[in-house]
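**Student:** Residue numbers (our numbering): 32 to 147.
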Amino acid sequence: MVILGCGGDRDRFKRCEIAQIASRLASLVVLTLDNPRTEDALQPILEMQKCAPDALVMPDRRVAIWYALEVTSQNQTIFIVGKGDERSIEFRRLHIPYSDLKVVIEWEDQSQRKIL
Numbered sequence: 032m033v034i035l036g037c038g039g040d041r042d043r044f045k046r047c048e049i050a051q052i053a054s055r056l057a058s059l060v061v062l063t064l065d066n067p068r069t070e071d072a073l074q075p076i077l078e079m080q081k082c083a084p085d086a087l088v089m090p091d092r093r094v095a096i097w098y099a100l101e102v103t104s105q106n107q108t109i110f111i112v113g114k115g116d117e118r119s120i121e122f123r124r125l126h127i128p129y130s131d132l133k134v135v136i137e138w139e140d141q142s143q144r145k146i147l
């Protein structure tokens, strides 16, 4: 499973290619936000969805990660890509504190299951 998004105000032509590659290689693709910047937050997701129509769309990145953690079994791998070690989501020139790693740790605490 892969969770991914494409940043706003960046190369729009790569969005389709990225979505197609993810769909070809992953058992399940979840499209989500990744730094929309000044672009409409859903625009990159919708452009990717055109090229990966079977992908799930979950704009809220935290919800997408929690969903993936809930539905996968212990022998499956989840790739959470795009943000890396970034500590915020850039939205309309604001940097909103956010970390994929913290979301996973919060899920572990809530579910009392360890994956890291």
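The beta-carbon is built from N, C-alpha and C at its ideal position, and this holds for glycine as well.
1) How many angstroms separate the CA atom of ASP91 from the CA atom of GLN143?
2) Within the continuous alpha helix (DSSP H) that includes ILE49, where are the two ends?
3) Would you kindly work out how many angstroms separate the C-alpha atoms of ALA83 and LYS145, rounded to a whole number?
4) Since ILE136 and TYR129 should fall inside the 8 Å C-beta cutoff, what is the C-beta to C-beta distance between them, to a whole number of angstroms?
5) Nearest-angstrom Cα distance between VAL31 and LYS45?
6) Please report the straight-line C-alpha distance between VAL102 and THR108, rounded to a whole angstrom.
7) Within the region 78 to 118, note down every full alpha helix (DSSP H) run reaching 4 residues or more, in order along the chain.
8) When you compare each of ARG41, TRP138, ASP85, LEU125 to VAL33 by their alpha carbons, which one comes out closest?
9) May I have the straight-line CA-CA distance separating ARG124 from PRO75, to the nearest angstrom?
10) Name the two residues that bound the continuous beta strand (DSSP E) containing ILE34.
**Tutor:** This is what the structure gives:
1) 22 Å
2) 44 to 56
3) 31 Å
4) Not quite, the Cβ-Cβ distance comes to about 13 Å (not below 8 Å), so this is no contact.
5) No statement about residue 31 is possible, as the shown extent of the chain runs from 32 to 147 and does not include it.
6) 11 Å
7) Inside the region 78 to 118, DSSP marks whole alpha helix (DSSP H) runs of 4 or more residues at positions 92 to 102, from first to last along the chain.
8) ASP85
9) 17 Å
10) 33 to 35
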